[in-house]
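Data block below; observations after.
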Amino acid sequence: MTENLPVIEGEAPFYVSSIDQHCKTWYKIVGNISTSRQTPLVTIHGGPGMSHHYQLCLVDLVQNYGIPVIFYDQMGAGKSTHLQQKNRDGVFWTPELFCDELDNLLDHLEIHDKYNLLGQSWGGMLAADFASRKPRGLDKLIIANSPASLKLWMEGMLNWLSKFPREMQELIHKHEREGTTNTDEYKAAMQSFYNRHTCQMKPWPTELDEAFASMKEDPTVYQTMYGPNEFDVKGCLRNWSIISDLHKITSSTLVINGRYDSAHDVSVEPFFKNIPKVIWIQFHNSSHLPQFEQRDAFMAIVAEFLMFEDL
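For what it's worth, UniProt numbering labels the leading residue of the sequence shown as 1, then goes sequentially.
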């Protein structure tokens, strides 16, 4: 995938004062951030707690448009520091922690003067939170397949679930209520939902499977911040909303979702209504991952926005 492209992997030291511990953030740079005429794009993966793997398709932006792309694994995910002893510690796992980590990475890479951000799903929530703090150097922002609040996310998810047979709805709620989500019956029902509203490709891309496997191996961040399962949001993010701070985002912003996205229109619309300089693009043949489902169109729109669009 990255043949004939310059690739650098490394680790950014990250001191976490709340636990007095020196941690590390793993990163991968594809393209040359020092010589390219294009502004580097930092990608922020979802989960929370997934790895960067499913974002690697964004290498297309380097190959086809010359845009350097930076991938990284957030704390608790992939190749970065894991802190399983902090499982269920909602005071520790906060958006502030991840904003600090991103800030630290930008400093380490010496790109804090000018960079672009693309956050997907939870990554878009984090990117919006980060951008609302008016960080220096942020040029353009892409919020992909993300909700503006967890309350609206769940409203949209339940809307999609209501389109499935009643028996399936009741089965999912029953198993989540009774804590029996390890049954084959529940897993099959959820896979039907995911196949419609997470990724409609068959089979799923290998990189997506890798990212989910990484989160399954260490679910600390997901369980603490989101909850035990998809329709049972009990984690520390359950009341999260960025809506009241969206007016503070000064960067030109591209908002993306799919027609069948688990990030339903109802949860995406506040971005469009409240960010001052914003456009909203919907991919009509996609769900939560148009970067795979409509790959060429997705890359073309992202590249055009990054290289030419001036709102």
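Using N, Cα and C, we set each Cβ at its ideal position, and we do this for glycine too.
Unbroken beta strand (DSSP E) run spanning residue 140, endpoints: Here residue 140 refers to the residue found at position 140 when the sequence shown is read from its first residue. 138 to 144 is the span of the beta strand (DSSP E), which, as asked, contains residue 140.
Helix or strand or just coil, what does DSSP make of residue 122? Taking the first residue of the sequence shown as position 1, residue 122 is located at position 122. In this structure, residue 122 counts as helix in the three-state DSSP scheme.
For residue 153, which three-state DSSP category applies? Here residue 153 refers to the residue found at position 153 when the sequence shown is read from its first residue. Collapsing the DSSP output to three states places residue 153 in a helix.
Measuring alpha carbon to alpha carbon, tell me which of 123, 93, 48, 131 ends up nearest residue 245. Counting from one through the sequence shown, the residue named residue 245 turns up at place 245. When each option's Cα is compared against that of residue 245, the closest is 131.
Helix, strand or coil: which one does DSSP assign to residue 233? The residue labelled residue 233 in the question sits at position 233 within the sequence shown. DSSP, reduced to helix, strand and coil, places residue 233 outside both helices and strands of the structure shown, so it counts as coil.
Should residue 149 and residue 241 be called a contact, given that it needs their Cβ atoms to be closer than 8 Å? Working through the sequence shown from its first residue, we reach residue 149 at position 149. Working through the sequence shown from its first residue, we reach residue 241 at position 241. If you check the CB distance, residue 149 and residue 241 come in under 8 Å.
For residue 45 and residue 26, I'd like the C-alpha separation in whole angstroms. Within the sequence shown, the letter at position 45 stands for residue 45. Within the sequence shown, the letter at position 26 stands for residue 26. The alpha-carbon atoms of residue 45 and residue 26 are separated by roughly 13 Å.
Name, in chain order, the residues that DSSP records as bridge partners for residue 27. Along the sequence shown, one-based indexing puts residue 27 at 27. For residue 27, which the question treats as bridged, DSSP gives the partners 10, 72.
Candidates 96, 155, 154, of which the one nearest residue 128 by Cα: Residue numbering aside, residue 128 sits at position 128 when the sequence shown is read from its first letter. Among 96, 155, 154, the Cα nearest to that of residue 128 belongs to 96.
If you count every other CB in all the chains shown that lies within 10 Å of the CB of residue 226, and 16 or more means buried, which is it? As a working mapping, residue 226 is identified with position 226 in the sequence shown. With 16 or more other Cβ atoms within 10 Å, it is buried.
From residue 113 to residue 107, what does the alpha carbon distance come to, in whole angstroms? Mapped onto the sequence shown, residue 113 falls at position 113. Mapped onto the sequence shown, residue 107 falls at position 107. C-alpha separation (whole angstroms): 9 Å.
Can you tell me the Cα-Cα spacing of residue 230 and residue 47, whole angstroms? On the sequence shown, residue 230 is found 230 positions in, with the first residue counted as 1. On the sequence shown, residue 47 is found 47 positions in, with the first residue counted as 1. So the two alpha carbons sit approximately 11 Å from each other.
Which residues share a DSSP beta bridge with residue 282? On the sequence shown, position 282 is the one that residue 282 refers to. The partner list for residue 282 (beta bridge, DSSP) reads 257.
Under 8 Å: do the region 217 to 224 and the region 176 to 186 share three or more Cβ pairs, one atom per stretch? Verdict: no, contact absent.
Taking 8 Å as the threshold (C-beta atoms), are residue 288 and residue 259 in contact? One-based indexing of the sequence shown puts residue 259 at position 259. One-based indexing of the sequence shown puts residue 288 at position 288. Not closer than 8 Å, so no.
C-beta contact flag for residue 38 and residue 307 at 8 Å: Taking the first residue of the sequence shown as 1, we reach residue 38 at position 38. Taking the first residue of the sequence shown as 1, we reach residue 307 at position 307. It is a contact, given that the beta carbons lie within the stated cut-off.
Terminal residues of the beta strand (DSSP E) in which residue 42 lies: Within the sequence shown, the letter at position 42 stands for residue 42. Residue range 41 to 44 is occupied by the beta strand (DSSP E) that includes residue 42.
Under 8 Å, with one C-beta from each stretch per pair, do the region 190 to 207 and the region 51 to 66 reach the 3-pair mark? Taking 8 Å as the limit for Cβ pairs, the verdict is that the region 51 to 66 does touch the region 190 to 207.
Inter-residue Cα distance where the pair is residue 137 and residue 203: Against the sequence shown, residue 137 aligns to sequence position 137. Against the sequence shown, residue 203 aligns to sequence position 203. Take the alpha-carbon of residue 137 and the one of residue 203: they are about 39 Å apart.
Rounded to a whole number of angstroms, what is the C-alpha to C-alpha distance between residue 40 and residue 142? Start at 1 with the first residue of the sequence shown, and residue 40 comes out as number 40. Start at 1 with the first residue of the sequence shown, and residue 142 comes out as number 142. Straight-line spacing of the CA atoms in residue 40 and residue 142 works out to 13 Å.
If you drop the 5 nearest sequence neighbours on each side, which residues of the same chain put their C-beta closer than 6 Å to that of residue 172? In the sequence shown, counting from the first residue as 1, residue 172 sits at position 172. Same-chain partners within the cutoff: 189.
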